[in-house]
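Working notes for the structure below.
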Amino acid sequence: MDLIWDGLGEAIRIMRSGDFSVWEIAVRSIFVSGTATAVSLFLGVVVGSLIAFNQFPGRNLAFSLVNTGMGLPPVVVGLMVAIMLWRSGPLGEFRLIYTPTAMIIAQTVIAAPIVTGFTAAALRNLHPKLRSQLYGLGASRLQMLRLVLWEAKLPLLAAVMAGFGGAISEIGASQMVGGNLAGDTRVMTTAIMLEVQRGEFAPAIALSVILLALIFVVNLILTTVQQQERRS
Amino acid sequence: MKRWMWAALLAVLAALALLVAVGCDEEEAATQTPQATPAATQTAQVQATATATQAAQVTATATQIVRGPKDIILATTTSTQDTGLLDTLVPMFDQQTGYNVKVIAVGSGQALAMGERGDADVLLVHAPSSEVPLVDSGAAINRQLVMHNDFIIVGPESDPGGVKGMTAVDALTAIYNKGATFVNRGDDSGTDKAEKALWKKAGVDPAGQSWYEQSGQGMGASLQIANQTNAYILADRGTYLATRENLDLVILVEGDPALFNIYHVMQVNPEKFDLVNGPGGAAFVEFMVSDATQAIIKDFGVDKYGQALFIPDAGKDEAQLTP
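Those protein sequence lines, which keep their order, are chains A and B.
Per my numbering, residue 30 is the first one in the first sequence, and the count goes up by one each step.
Per my numbering, residue 3 is the first one in the second sequence, and the count goes up by one each step.
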């Protein structure tokens, strides 16, 4: 138990001292996972609306695939992306392994199915007559999509939160494709793991507290937006 | 909430992302050397581009800019990272040469496998019996002796197997006979290989015994597991000393010539793999065996642990080191 108090004390000390390396790691975590979430949102909306609005053979299969993707183990994604990006792999010549870009790619693979799944479910749950009504009012396909997405913006925010949560909390993929390089690809989760391996539990707990606070703040902002929207 | 508020929120998010990209630029520029600044700016550009545009372009932009021989991938053992030795040496190397070394700390087994596939430029490992075949196959070249330290057997103070002061082989035999808990790395690392060779020498095979736990993790993590389970473990002295303050384990067996732990550095052969950074690898090998680096290795850890963690050996004859 002492360890937890030590860790909390250490967390407060680090946050008050403005320890540069910790903030740098925190900012990198947000940057990497935020970018991955943004890319996932783009992919998720495109793919999600395609499978939600179109009738085609294998549509149920597509839904199942997306739902399976929502449960992709990050370490498996890490291995797959690493095999592609290693120099001996097919994309090796791009020299992306052990870079933040590699981590963004891996986290996008993790977050995109989550965002896609939430998006597809949200769009499917809209009133079925909404689209035919919009078409009836003379909306073009693109206008229709815009209005429908606007209508589904609250569940879309939930999709963003879930995708971001999946991206920022994973460690297996970040470790494998990023290499946990200090000042380059070290993010909160891999930094915590490193401290634990060194037996430095207090800084590990401190970093955990900061990571939780970080996720909390991001979700607080998104939830506030969501709630305000609901009230207005 | 009106639409303009959504637009404002989006704008704030975009501004944040931009700030992050610029922030990274400053951070890196501050920590990099003058020679390395172009690389830092390039990275920042990649990140800025990544923020500004879509994913497909990230790949394309990174391709154009990051290509080049600035980066060196060093595959090494967990012990060189857990002791903090590379945290001292790598920044010096980067500053002196303008290269950017990426330290990938894995077990020696995985490090050697990365060398074999050309996934790294230079290796710093401690598994001589597996290193020689790699050199013979032509995958690694320029293999040089860097330093050594020794393995120790640590365990709980109560010493249930009564191994204190024994030779390594006798201690393992006693642990086997007693069935005392023993943590094995099980990750094909240099330490793992050394430990298995010792069991073989003792003429007993612990594999499959219920008291013989395989952690599958690095040295630091495995020491933690041994600590929590009151187990014996074979460790390199450097990692043990560096993490001792968080451990209740004590040294029980040491000083046996059979416990020698020798580190070599070697280049991955650039003629065999197109993407390997030959000049960078050569520069790192040269750096590790230089007089200045060897002097730092000699004193590394003395101020913190009261004794050196590694003994520099560059230029010595390995045959005379090995008992």
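Just so you know, even glycine gets a beta-carbon here, dropped at the ideal spot from N, CA and C.
Check	Outcome
Which value, in whole angstroms, describes the spacing of the CA atoms of Ser46 (chain A) and Gly164 (chain B)?	48 Å
Closest to Lys166 (chain B) by CA distance: which of B:Asp315, B:Lys306 and B:Leu251 is it?	B:Leu251
Taking a cut of 9 Å between CB atoms, which residues from the stretch 170-202 of chain A lie near chain B?	Trp179 and Lys182
Can you tell me whether DSSP reads Ala294 (chain B) as helix, strand or coil?	helix
Between which two residues does the alpha helix (DSSP H) holding Asp31 (chain A) run?	Asp31 to Ser46
Contact criterion: CB-CB distance below 8 Å. Does Ala42 (chain B) meet it with respect to chain A?	Confidence is the limiting factor: at Ala42 (chain B) the pLDDT is only 42, short of 50, which leaves the residue's position unreliable, though a coordinate-based value still follows. It does not; no Cβ of chain A falls within 8 Å.
Using only the alpha-carbon positions, how far apart do Ala220 (chain A) and Ala141 (chain B) sit?	32 Å
In three-state DSSP terms, what is Leu76 (chain B)?	strand
Alpha carbon to alpha carbon, how far is Ile197 (chain A) from Arg153 (chain A)?	28 Å
Specify, as a first and last residue, the run of the alpha helix (DSSP H) that Gln309 (chain B) falls within.	That residue, Gln309 (chain B), is in no alpha helix (DSSP H); it is neither H nor E in DSSP.
Per DSSP, what kind of secondary structure is Asn248 (chain B) in: helix, strand or coil?	helix
List the DSSP bridge partners of Met116 (chain B).	Answer is none; Met116 (chain B) lacks a bridge partner.
Taking only beta-carbon positions, decide if Leu251 (chain B) is within less than 8 Å of chain A.	no
Pairs of beta-carbons, one from the stretch 93-110 of chain A and one from the stretch 156-173 of chain A, closer than 8 Å: are there three or more?	no
Does any C-beta atom of chain A lie closer than 8 Å to the C-beta of Gln226 (chain B)?	yes
Against Gly109 (chain B), what residues of chain A qualify as contacts under a CB-to-CB distance less than 9 Å, listed in chain order?	Correct list: empty, because the minimum Cβ distance to chain A is about 13 Å.
Please tell me whether Lys104 (chain B) has its Cβ less than 8 Å away from any Cβ of chain A.	yes
I think Val225 (chain A) touches Ala233 (chain A), with their Cβ atoms under 8 Å apart; what is that distance to the nearest whole Å?	5 Å
Cutting at 7 Å between CB atoms, please list the residues of its own chain near Ile54 (chain A), excluding the five before and the five after it.	Arg215, Val216, Met217 and Ala220
Among the candidates B:Ser160, B:Ala170 and B:Pro135, whose CA atom is the shortest distance from the CA of Ala260 (chain B)?	B:Ala170
Anything in the stretch 200-223 of chain B with a Cβ closer than 7 Å to a Cβ of chain A? List those residues in chain order, please.	Gly220, Gly222 and Ala223
Using a C-beta to C-beta distance shorter than 8 Å, which residues of chain A count as neighbours of Gly120 (chain B)?	Arg116 and Ser117
One question on the structure: do Leu136 (chain B) and Glu159 (chain B) come within less than 8 Å of each other, judged by their Cβ atoms?	no
Give me the chain B residues within the contact set of Tyr127 (chain A), using Cβ-Cβ distance strictly less than 9 Å, ordered along the chain.	Asp73, Ile75, Lys104 and Ile106
Go through its chain and collect everything with a Cβ distance to Gln204 (chain A)'s Cβ below 6 Å, but skip five positions before and after it.	Thr219
Would the C-beta of Ser69 (chain A) count as close to the ligand ADP, meaning under 7 Å from any of its heavy atoms?	Ligands displayed in this structure: none; no statement on the ligand ADP is therefore possible.
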